[in-house]
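Engineer: Just passing along the structure, written as structure tokens.
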Amino acid sequence: MQQQPLYPPPSPPLPIPKPPRRGIGDIPIKVVYLLGAILVTVLAVFLIFVVFSGDVPANKEPGEQVAPVVPVPSSAAASGSAAPTATESPIVLPPVPKSKAYPTLAGTASVVTSLISDKNTGITYPRLAAPWKAKSFPPFSIAQRIGKVAVPHTVIASAMFPGDSPATKPSKDADYRELATQAARWSLRTQYPAGATLAWTASQKLPVGKGWTLGYQVTYTFDGKQQVAQAMVTIVEVGKTKPAMLLASIPETNKKRWADINTLVQRVRPL
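All the letters of the sequence shown, read from the start, carry residue numbers 1 to 271 under the numbering used here.
Written out as structure tokens, the structure reads:
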């Protein structure tokens with residue numbers, strides 16, 4: 001008689017079931033919230049970078065090139081120096097008033113949409129609504145323009161003083177007034193037809209910070225007709241030996257925009 005085993009043989013091991021596949025609906029809600037928060041943070045950082053990566057005016061049309069932030073040449077070139085070259089005759093200006101309040105110019109001032117912070121020069125000033133647009137216009141750092149890039153120009157632009165740095169950093173009002181005079185002389189040579197002359201309309205200190213503003217009316221001949229333009233130049237101390245410059249020039253063809261110069265004079269500031 002065959003003897004039965006005391007213990008039954010062990011059963012074969014059961015197969016390990018595979019875990020069920022998880023779908024999107026099976027992801028824990030905490031993980032979903034975490035991923036959403038990360039996505040929102042990345043998107044916010046991206047938008048901040050896009051919006052604030054540059055302070056060049058944004059009121060431009062497709063295809064227009066915004067003025068690059070580049071230094072103004074300091075060599076005696078046609079686009080740069082405040083001093084005449086060997087082939088240019090010096091421009092003689094009338095005596096500059098020591099003090100003369102800026103007059104209220106004709107026209108209706110444009111809407112100020114925001115401020116332009118020109119980090120290349122270290123100044124800030126109003127960003128104006130259309131028809132002002134940002135366009136490439138060397139040797140300026142940032143430029144707002146109306147119409148074609150042609151003499152006589154309708155332009156609001158900032159740059160470092162268009163010439164060699166002064167031997168010493170300006171400290172007196174008279175120093176800044178002299179630099180503003182040189183910049184106005186430079187503007188006659190670069191922004192208007194040859195033979196243009198000016199008459200001073202204003203001479204005053206900067207509202208905030210150190211610097212000087214000169215206002216002037218330019219008379220020139222264009223297309224056989226004598227015309228005038230209103231202009232201003234402000235020299236601003238920005239912590240360097242060479243100061244910054246804000247220039248505005250509006251010919252009488254855009255006479256209704258002359259009041260924009262008053263806006264600039266009142267609100268230009270160092271950063």
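Cβ coordinates follow ideal geometry from the N, Cα and C atoms, glycine included. Just so you know, these numbers come straight off a predicted model, no measurement behind them.
1. Do the CB positions of Leu128 and Asn262 come within less than 8 Å of each other?
2. Considering Cα atoms alone, identify which of Ala134, Val236 and Leu246 is closest to Lys148.
3. Using a Cβ-Cβ cut-off of 6 Å (strictly less than) and excluding sequence neighbours within five positions of Gly215, which residues of its own chain qualify?
4. In this structure, how does DSSP classify Pro247 when only helix, strand and coil are distinguished?
5. Where does Thr124 sit, in a helix, a strand or coil, going by DSSP?
6. Is the beta carbon of Gln217 sitting closer than 8 Å to the one on Leu198?
7. Just the C-alpha distance for Ser110 and Phe137, rounded to the nearest angstrom, thanks.
8. In whole angstroms, give me the CA-to-CA distance for Pro131 and Val112.
9. So Pro162 and Ala183 are in contact, right, with Cβ under 8 Å, and what is the actual spacing, rounded?
10. Excluding the five sequence neighbours on either side, which residues of its own chain have a C-beta within less than 7 Å of the C-beta of Asn254, listed in chain order?
11. Cα-Cα, which of Ala259, Phe222, Trp258 and Pro126 is closest to Val268?
12. I want to check one thing, is the minimum distance from the CB of Ile116 to the heavy atoms of the ligand GDP below 7 Å?
13. In chain order, which beta strand (DSSP E) runs of at least 3 residues are fully inside the stretch 133 to 197?
14. Are Pro170 and Pro94 touching if we call contact CB-CB under 8 Å?
15. When you compare the CB positions of Tyr220 and Ala259, do they come within less than 8 Å of one another, or not?
16. Buried or exposed, going by whether 16 or more other CB atoms sit within 10 Å of the CB of Leu179?
17. Quick check: the Cα distance between Met160 and Arg257, rounded to an integer number of angstroms?
18. Do Asp118 and Ile156 have their beta-carbon atoms positioned less than 8 Å apart in this structure?
19. Would you list the one or two residues that DSSP bridges to Gly215?
20. So, at 7 Å on beta carbons, what are the nonlocal neighbours of Thr108 in its own chain, with the 5 sequence-adjacent residues on each side left out?
21. Give me the residue from Glu237, Val228 and Ala194 with the minimum Cα distance to Pro272.
22. What residues are listed by DSSP as bridge partners for Leu115?
23. Let me know if Glu64 comes out buried or exposed under the rule of 16 or more other beta-carbons within 10 Å of its beta-carbon.
24. Please report how far the alpha carbon of Lys98 lies from the alpha carbon of Arg177, in whole angstroms.
25. Tell me the rounded alpha-carbon separation between Thr121 and Ala150.
26. Please list, in chain order, all residues of the same chain as Thr124 whose beta carbon is under 6 Å from its beta carbon, the five residues on each side excluded.
27. How many Å lie between Ser187 and Ile38 at the Cα?
28. How big is the Cα-Cα spacing for Val96 and Asp175?
Structural biologist: So, to answer that:
1. Position 128 of the sequence shown, counted from the first residue, corresponds to residue 128. Position 262 of the sequence shown, counted from the first residue, corresponds to residue 262. Contact flag unset, no.
2. Residue mapping note: residue 148 aligns to position 148 of the sequence shown, counting from 1. The closest CA to that of Lys148, considering only Ala134, Val236 and Leu246, is found on Ala134.
3. Taking the first residue of the sequence shown as position 1, residue 215 is located at position 215. Here the set comprises Tyr102, Thr201, Ala202 and Met232.
4. Numbered from 1 along the sequence shown, position 247 holds the residue referred to as residue 247. The amino acid at residue 247 is misidentified as Pro; the sequence shows Leu. In the three-state reduction of the DSSP assignment, Leu247 falls in the strand class, which pools E and B.
5. In the sequence shown, the residue the question calls residue 124 occupies position 124. DSSP places Thr124 in strand when its eight states are reduced to three.
6. Numbered from its first residue, the sequence shown carries residue 217 at position 217. Numbered from its first residue, the sequence shown carries residue 198 at position 198. Yes, Cβ-Cβ distance for Gln217 and Leu198 is below 8 Å.
7. Walking along the sequence shown from the start, residue 110 turns up at place 110. Walking along the sequence shown from the start, residue 137 turns up at place 137. Taking the straight line from one Cα to the other gives about 21 Å.
8. Sequence index remark: in the sequence shown, residue 131 carries index 131 (1-based). Sequence index remark: in the sequence shown, residue 112 carries index 112 (1-based). Counting only the Cα atoms, Val112 lies some 12 Å from Pro131.
9. Taking the first residue of the sequence shown as 1, we reach residue 162 at position 162. Taking the first residue of the sequence shown as 1, we reach residue 183 at position 183. With 8 Å as the limit, Pro162 and Ala183 qualify as a contact, their Cβ atoms being about 7 Å apart.
10. Looking up residue 254 in the sequence shown gives position 254. Taken in chain order, the residues that qualify are Ile146 and Thr154.
11. Working through the sequence shown from its first residue, we reach residue 268 at position 268. Out of Ala259, Phe222, Trp258 and Pro126, Pro126 has the C-alpha closest to the C-alpha of Val268.
12. The model depicted lacks the ligand GDP and carries no ligand whatsoever.
13. Correct list: 142 to 145 and 155 to 160.
14. Indexing the sequence shown from 1 puts residue 170 at position 170. Indexing the sequence shown from 1 puts residue 94 at position 94. With contacts defined as CB atoms closer than 8 Å, Pro170 and Pro94 fail to qualify as a contacting pair.
15. Along the sequence shown, one-based indexing puts residue 220 at 220. Along the sequence shown, one-based indexing puts residue 259 at 259. The answer is no: Cβ separation not under 8 Å.
16. Locating residue 179 in the sequence shown gives position 179, counting from the first residue. Buried is the call here.
17. Counting from one through the sequence shown, the residue named residue 160 turns up at place 160. Counting from one through the sequence shown, the residue named residue 257 turns up at place 257. So the alpha carbons of these two residues sit roughly 25 Å apart.
18. If you number the sequence shown from 1, residue 156 lands on position 156. If you number the sequence shown from 1, residue 118 lands on position 118. Cβ atoms of Ile156 and Asp118: not closer than 8 Å.
19. On the sequence shown, residue 215 is found 215 positions in, with the first residue counted as 1. In DSSP, Gly215 forms a bridge with Ala202 and Met232.
20. By 1-based counting over the sequence shown, the position of residue 108 is 108. Excluding sequence neighbours, Thr108 sits near Lys256 and Ala259.
21. What the structure shows of the chain is the stretch from 1 to 271, and residue 272 is not part of that stretch, so it cannot be assessed.
22. Looking up residue 115 in the sequence shown gives position 115. Pro126, per the DSSP bridge assignment.
23. Mapped onto the sequence shown, residue 64 falls at position 64. Low confidence applies to Glu64: its pLDDT is 39, below 50, so where it sits in the model is not reliable enough to give any reading.
24. Position 98 of the sequence shown, counting from 1, holds the residue named residue 98. Position 177 of the sequence shown, counting from 1, holds the residue named residue 177. In a straight line, the C-alpha of Lys98 is about 8 Å away from that of Arg177.
25. By one-based count along the sequence shown, residue 121 stands at place 121. By one-based count along the sequence shown, residue 150 stands at place 150. Their backbone Cα atoms lie some 24 Å apart in a straight line.
26. By one-based count along the sequence shown, residue 124 stands at place 124. The residues are Leu115, Ser117, Arg269 and Leu271.
27. Taking the first residue of the sequence shown as position 1, residue 187 is located at position 187. Taking the first residue of the sequence shown as position 1, residue 38 is located at position 38. Put simply, the backbone Cα of Ser187 is about 52 Å away from that of Ile38.
28. Locating residue 96 in the sequence shown gives position 96, counting from the first residue. Locating residue 175 in the sequence shown gives position 175, counting from the first residue. One C-alpha to the other measures close to 13 Å.
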